[in-house]
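**Q** Dropping the structure in here first, questions after.
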């Protein structure tokens, strides 16, 4: 038995013909749907990139215990279990986070691996001299970043498509298949960073989407709300679509090779992604800084299981990323380790047998989201501080960097969780995070009547039902006690309607800042001040509040709006700090 996983990053379900999109050019994805079982209710779990990959290895949610980070010493790793039990595992990838701080323990778990350099801001090729960067519509905070500069350098090395990281990745993956097509007991994970931003594709893919565009360079949307003109937004979607069509082309080469060598008779094929991506929906670009809407959480999944032999059918049962590790272990006849939240998909593929009632998802420190396929409930923290919140780890690294020494000054040693194999573990106060989900509040959507999630609904009975389901799933995952406190739900998940009503009243009171309480505050302005305090050192926050209070009184404002906060930043902060501050307070002004 053999297995191939073709994994994309930020592959949008709603941009694929298999899921109803009628304008993107993706004939090989369409063909894939005829050769596999297509899952209609697949959901991400832990977000974003590396948390999703930790789920892929461990088969368990990790976002309730840990933010972005590596495989831990106590983690089960699906490819390593396969390797230890006689199944050769090979990873070929251009996903640069694997070899950075925060991800560098994943690829050694395979029998062998090949890494392809140059995606996004991968610090690959060196260029000391000043670089001429194109004028861009991208938010200037990003456009002026080192990552943007490095990406421009990297692109100069793959002017020919054959040199593009995605093309090289698929070429190496196909080489592995050709070399080992007559061998047994192997697993190939062929993983490309695309169609993740930036949306760099070649002209013949762009030609599939003719449109008139007279704006500046734009193929890298910011992690921000949409500010661009409609013309720019539409162009951004076409740039994504062009890269999607490039992904489709290389997917077709895998399908073709499996056809040529008649591999369908004994080779499992999984085509998946870590999460989706917002292309202007809900007024947002990208992911991570907004609520986890369906465009992010609801993902495509295609599976061919040669033991079952079913193709061209759809499955409606809810499945998740955590199910892929147990599916592969079961396929190769290996027992599942304990503490997996996922289940093998064989019976679901066979007869659409349900393996769960709900799907849980989220970012560490963000909303905890749950869906039963009919409703989505996003549970927000109940305090403006988004506390208590801790990281549980033996590998203190963030995305692209290690924990700062000051983060490690007051660590606690916690007794083992059941899944840490007897290891005590560091309990570290979590940072403030990229954005505070408190500003958005809890949200409930009826997907049956509002699949686009355009109108929140108020229904205490439904909300209480999902609070109970969230608590049940969190207990199953052995979530830390403080996560229940942060979300304001009891561990058993049982609340009355009256308790919920009182809690919402308390949250509304907590939204008020402790300064200038006699003034009328715009809610977005309150969030902006919190964001400003979040990005400055703790020892000057009190002084900053005093300065703001003096500014408002001296300026004789009648009420405090976002315009007041922006004027305060303009006259108070040093020039080199203004761009960063304006970026974050802009994010904080959004409440949906």
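In the working numbering, the protein residues as written are 156 to 747. No residue lacks a Cβ here, since even glycine has one placed at the ideal position from N, Cα and C. Computed from a predicted model, the values in this text were never measured in an experiment.
1. Quick one, which of 376, 405, 231 has its alpha-carbon nearest residue 442's?
2. Would you report the Cα separation of residue 687 and residue 539, rounded to the nearest angstrom?
3. Tell me the rounded alpha-carbon separation between residue 365 and residue 403.
4. Measure the alpha-carbon distance for residue 466 versus residue 423 and round it to whole angstroms.
5. Identify the continuous beta strand (DSSP E) that holds residue 245 and give its terminal residues.
6. What ranges does the beta strand (DSSP E) occupy inside the region 465–553, keeping only unbroken runs of at least 3 residues that lie completely in it?
7. Have a look at the DSSP bridge pairing and note the partners of residue 678.
8. Can you tell which of 414, 567, 411, 587 has its C-alpha closest to the C-alpha of residue 141?
9. Secondary structure at residue 221, three-state DSSP: helix, strand or coil?
10. Could I get the ranges of all uninterrupted beta strand (DSSP E) runs contained in the region 331–388, with 3 residues as the minimum, in chain order?
11. Does the region 202–214 touch the region 442–456, meaning 3 or more C-beta pairs lie closer than 8 Å?
12. Compare the Cα-Cα distances from residue 233 to each of 692, 177, 339, 209 and report the closest residue.
13. Assign residue 557 to one of two classes, buried (16 or more other C-beta atoms within 10 Å of its C-beta) or exposed (fewer than that).
14. Please classify residue 559: does DSSP put it in a helix, a strand, or coil?
15. Measure the Cβ-Cβ separation of residue 260 and residue 231 and say whether it is below 8 Å.
16. Keeping to the same chain, check which residues put their C-beta closer than 8 Å to that of residue 392; ignore five residues upstream and five downstream.
17. Compute the Euclidean distance between the alpha carbons of residue 245 and residue 268, then round it to the nearest angstrom.
18. Hey, how far is the Cα of residue 502 from the Cα of residue 280?
19. With distances taken from CA atoms, which of 460, 527, 487 is nearest residue 241?
20. Would you identify the three-state DSSP class for residue 598, choosing helix, strand or coil?
21. What does DSSP give as the partner residue(s) for residue 616 in the beta ladder?
22. Which residues mark the beginning and the end of the beta strand (DSSP E) in which residue 428 is found?
23. Do the region 173–191 and the region 458–478 make contact, defined as three or more Cβ pairs closer than 8 Å?
24. Tell me which residue opens and which closes the beta strand (DSSP E) that residue 199 is part of.
25. Return the CA-CA distance between residue 408 and residue 640, expressed in angstroms with no decimal places.
26. Within the continuous alpha helix (DSSP H) that includes residue 158, where are the two ends?
27. Could you tell me which residues DSSP puts in a beta bridge with residue 584?
28. Can you tell me the Cβ-Cβ gap for residue 546 and residue 222, rounded? I've got them flagged as a contact below 8 Å.
29. Evaluate residue 710 with the Cβ neighbour count: other Cβ atoms within 10 Å of its Cβ, from every protein chain shown; 16 or more gives buried, anything less gives exposed.
30. In the structure shown, what three-state DSSP assignment does residue 609 receive?
31. With DSSP collapsed to three states, give me the class of residue 662.
32. Across the region 617–633 and the region 643–653, are there enough close Cβ pairs to call them in contact, namely three or more that are closer than 8 Å?
33. Answer yes if the region 379–396 comes into contact with the region 342–356, meaning at least three C-beta pairs across the two stretches below 8 Å, and no otherwise.
34. Distance check for residue 317 and residue 358, CA to CA, integer angstroms please.
35. With 16 other CB atoms within 10 Å as the buried threshold, where does residue 520 fall?
36. What's the C-alpha gap between residue 552 and residue 439?
**A** Judging by the given coordinates:
1. 376
2. 13 Å
3. 18 Å
4. 12 Å
5. 243–248
6. 468–470, 514–517, 523–526, 530–534, 545–548
7. Paired residues: none, contrary to the question.
8. This structure leaves residue 141 out entirely; the chain is present only between 156 and 747.
9. coil
10. 341–346
11. yes
12. 209
13. exposed
14. coil
15. no
16. 434, 435
17. 5 Å
18. 48 Å
19. 487
20. strand
21. None; residue 616 has no bridge partner.
22. 422–428
23. yes
24. Where residue 199 is concerned, there is no enclosing beta strand (DSSP E), given that its DSSP letter is neither H nor E.
25. 50 Å
26. Element bounds for residue 158: not the alpha helix (DSSP H) but the beta strand (DSSP E), 157–163.
27. 545
28. 6 Å
29. exposed
30. coil
31. helix
32. yes
33. yes
34. 14 Å
35. buried
36. 28 Å
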